[in-house]
Structure formats: structure tokens, C-alpha cells
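> The following block contains the structure, expressed as C-alpha cells.
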Amino acid sequence: MNSIHNNGENDKSLSEGLDKLSREYGLLEQDEPPELLDQAILNSAHRAVEKKPHWMKFGWLHGLTTAAVFVLAFSIILNQRENAPDFDTSMRNNEPVRLQRQKVAKKQSDAQFEERPKELGLERQEKSDSSLDTLQSSPVAAAPASAAIESAPEDRAREPVAEVQRSLYVSDDMQGKGERSDKGTLAKELILEEELIDEADSMADSPEASTFSTMPRPAVLGETATSEAKAQVKTDLELEQRLLAIIKLKQSGNETWKTELESFKESYPDYPLPDELTD
Amino acid sequence: MALISYAAFMQEKTDEQLMQQYAKGNAKAFDELYARHRAPLYRYFNRQVNDATAANDLYQGAWEKIIKARGKYRPTSPFTAWMYRIAHNHLVDHYRRSQPVDSVETETLSDKQPGPAQDVIDGEQNEQLRAGIINLPEEQRNTLLLKLETGLKMEEIARVTGVSRETVKSRLRYAVNKLKRSLVE
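These protein sequence lines map, in sequence, to chains A and B.
Everything in the first sequence is counted per this note's numbering, starting at 96 for the first residue and increasing by one.
Everything in the second sequence is counted per this note's numbering, starting at 1490 for the first residue and increasing by one.
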């Protein structure tokens, strides 16, 4: 009971003492923080809740993406290194032979096709001089020859296969458009052959070289292709000569031109005839 | 007009509401909260250490901790108690760093020898009081300043300082008696 009473008195005296002390404490100088400190703290508080730009919110995503790209690139490079064939040694061994063969084939084909348009043009010139003026106006004869002559210098710099293809189109004009699709197919086959030859050539010195040694070389195949084209041109020229002869017969009044023409039609039913003979 | 109405709106808010708003990203709420508590908190530190530079450092450090801990604040406890608990812990850390040996709990007035600050007393009552507070033992001074600056109840001071209510009362009683004596002298 006494202790409770004492506690009550103590609390009362404490509260009285605190009240008095508070009054005196309130009279003390009211210290305040410096303004610079206030500003620093407020700035810090504002920065802490500043909304970050959208891209900064996903900063982790950028990091993850970058890391993923690096890992992917590294794995691809590693994978390619593991699976890559040993080109170095085979290419080093094959390169001189291969290059030599390509150069020889190119020279041969260039030489052949440089001569061809000139020959064709000269023959045309001779024919046009010696024969009829009507033939000059013929679309079958005149246009392809002049085109071939004009385009001949440009063609020298191009690929042999492309030249073969172009020459085939020249003869197309001479023969008619009916055969163009067949010639185009032939040109594609030639390109494919060229690619196959390159591939086979690169493997020339490999262990399977003995197998490939029996295969035709690029030069041989190039010759085959060009000889075919040349033979075709030759055939076309022969046919035109024959037609010219028939026209001559007709103009001289010889009636045998009709029988000659009939036999020509029987032999070459799809070959286009000049206007003089179609009347 | 808009500013006046905004200020009136802010004045109506309690500390707890302002702190919650700040935690959600409203920087203006912090401005108001800071304006309310800046001076008491500064005096709390300044009269603990009696060194302007140290007081400034402590004050800024305490606010930085409050800003960092904004997301952890829960309105179940009064904001003032929460804030001064952070400030008290910051101060204790400071004492531990600066005087690791002299942090002995002192409950009796006779155990504490008069400090050098008493020599500065020039007869003026304010200076005597200031010096008397500085010469109090650390725990008594801390408890007394919490009581005088914040007006917290004894239970809240007990929570802030991490001791029992009776310990708070005892510390306050010793501090008041000693200050009375120094003021009479």
C-alpha cells in the first residue's frame, strides 16, 4: 500500500519536474538545420521516388537480352567450328589446278565465241551483197546478224556459259521462236553442268579423286557445249543458203523452185519461210 | 489559390498518411512531413552530441535512413515513434563508433562525474540547462530529449529505445533531479 502510494507521489513529482523542465527547455535557443542540409535531404527524398524512364524499369531485361545474344552467337560459332569440313588443306591443294583448268576453259570458249559473231556477220554481209535486196528486209536474216556483231565486243568479257546461252538465243531468232524454250533448257543444263564440274573439281585431290578422274573435265564439257551450238548455227546457215537458192530459182523463172520448196517444207516443216516464198 | 488549398489539404493529413503517400511516390507529402519534424529532430541530435558538424551528419544520416525505409513503414505505429526509433538507432551506432568503451549504463547520479561542459557555465540559466543536458549520462540524456522534443508517451519512448517503461521512468527521474540540482547551483 505504501509502495503504491510512493509510486503515485513519485509519478506526480516526476510529471511536475518534467513540466517545469519543459518550460525552461522551451526557452532555449531553437536550433534549426542549415538550409543547405534541408535542400540536400529534400533533393535526396525527391530523387528516391522519381519515376524512372520506361526503359530503365526493364534494365534487367536489356541485360538478359544482351547476355542471350552473346550466348547464342558463341554457341553458333562453336557449332560451326565443330561441324565445318576441313576445307583448308583440300582447297590449298586443289586451287592451282582448278584455277588453271578454269582459265583454259574460259580462254577456249572466249576464242570460239569471239570468232563466231564475226563469221556470222561476214557471211551475212556477203550474202546480202550477192543476193537479193528483199532478203535484207527479211526479219529472219538481217536483224540477228547485226545484233550479233554489235554485241560481240561486250560479250568477250562475260562468262563463257552466258555467251553460249546468248548465242543460242541469236540462233533462236534465226530459226524462229518455236525452239527458244528448248534452247533455254539447254543453256540451263549447261550452267548446271558447269556447277557440277566445279564441285567435282574441288574434290579432285581428295581420296575419291580416282573416281572423279574418270569424269569429263571442264574444258571437254565446254568444248562439247560450244560444238553443239556451232553445229546448230551451221545448220541454220545451210538452211538459209538453201532458201536463198530457192528464191533465186523462183526469180529466174525456173519452175523447179516449187519442188525444191516442197521438199524443204517436208524436211523442215517448222522452219520459218521468207516472205518471197510464202506468197 | 490552388497552392493555399493544397497546403490546407496537406495540413489536414496526419504524419502517418503523409508517410504512406510518400512511400507511394508523392514527393510533396515528404516535403510537408519534413517541415513538421525537421527542427525537433535536428535539436535531438544537436543536444545529444553538442557538436554542429556531428549533429549535421547524424541528422542527414537519419533522414537518409528514413527515406530508404519508406517502403517498410506501417501505419500501425505512430510515425514519430517510428522516425525516432530510426534516429535513436543511428545515434547508438554513432556512439558505438566514436566511444566504444564508455557506453556503460549509469543509473545513479553519483556515478557520473561532471563533464568539461560544466566549466563553460557562465551563470545564465539557459546555458546551465544546456550544459546540464550535455553532462547527463547518455541513456538519461537520450530519454529526456525524446520526452522534451517529441512529446512521446513513456510507452512509446520505451519502444523507441528498446527498454521497459519503468526504465524510461527511472531514467527520466534521475535526469530531472540532476538538472534541477545543476540549475539551483
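Glycine residues also receive a C-beta, built at the ideal position from the N, C-alpha and C atoms.
For residue 1524 (chain B), count neighbouring C-beta atoms within 10 Å of its own C-beta (all shown protein chains included) and say buried if the count is 16 or more, exposed if not.
exposed
> For the candidate residues B:1642, B:1536, B:1659, B:1578, whose alpha-carbon lies nearest to that of residue 1621 (chain B)?
B:1536
> Examine the Cβ distances between the stretch 127 to 144 of chain A and the stretch 1545 to 1553 of chain B and report whether three or more of them are shorter than 8 Å.
yes
> Do you know how far the Cα of residue 289 (chain A) is from the Cα of residue 355 (chain A)?
42 Å
> Going straight from the alpha carbon of residue 110 (chain A) to that of residue 127 (chain A), what length do you get?
Their backbone Cα atoms lie some 27 Å apart in a straight line.
> Rounded to whole angstroms, what's the CA-CA distance from residue 91 (chain A) to residue 1566 (chain B)? Just pull it up for me.
With chain A represented from 96 up to 374, any question about residue 91 (chain A) goes unanswered, as that position is not in the structure.
> Rounding to the nearest angstrom, what Cα-Cα distance links residue 174 (chain A) and residue 167 (chain A) in this structure?
10 Å
> Note down, in chain order, every chain B residue with its Cβ under 7 Å from the Cβ of residue 134 (chain A).
Simply none; closest approach about 11 Å.
> Taking 9 Å as the threshold (beta carbon to beta carbon), is residue 175 (chain A) in contact with chain B?
no
> Report yes if the CB atom of residue 125 (chain A) is closer than 9 Å to the CB atom of residue 1516 (chain B), and no otherwise.
Not in contact: residue 125 (chain A) and residue 1516 (chain B) (Cβ atoms no closer than 9 Å).
> According to the Cβ coordinates, are residue 1560 (chain B) and residue 1512 (chain B) closer than 9 Å?
Yes, the Cβ-Cβ distance between residue 1560 (chain B) and residue 1512 (chain B) is below 9 Å.
> Mind listing the chain D neighbours of residue 1668 (chain B)? Cutoff is C-beta to C-beta under 7 Å, in chain order.
This model lacks chain D altogether, as its protein chains are A and B.
> By how many angstroms is the C-alpha of residue 1668 (chain B) removed from the C-alpha of residue 1508 (chain B)?
36 Å
> What would DSSP say about residue 1514 (chain B), mapped onto helix, strand or coil?
coil
> When the cut-off is 9 Å and only beta carbons count, does residue 1556 (chain B) lie next to chain A?
yes
> Identify which residue in A:120, A:165, A:365 has its Cα closest to the Cα of residue 1739 (chain B).
Shown here, chain B extends from 1490 to 1674; a query on residue 1739 (chain B) therefore has no answer.
> Going along chain B in order, which residues have a C-beta closer than 7 Å to the C-beta of residue 112 (chain A)?
1665, 1669
> Shorter than 9 Å from the beta carbon of residue 1528 (chain B) to some beta carbon of chain A?
yes
> Between residue 107 (chain A) and chain B, is any beta-carbon pair separated by less than 9 Å?
no
> Going along chain B, which residues have a C-beta under 9 Å from residue 144 (chain A)?
1511, 1512, 1513, 1514, 1515, 1516, 1519, 1556, 1559
> Residues of chain A with CB under 7 Å from residue 1505 (chain B), in chain order?
Result: empty, since nearest Cβ-Cβ is about 17 Å, beyond 7 Å.
> So that I know if they touch, is there some Cβ in chain B lying closer than 9 Å to that of residue 157 (chain A)?
no
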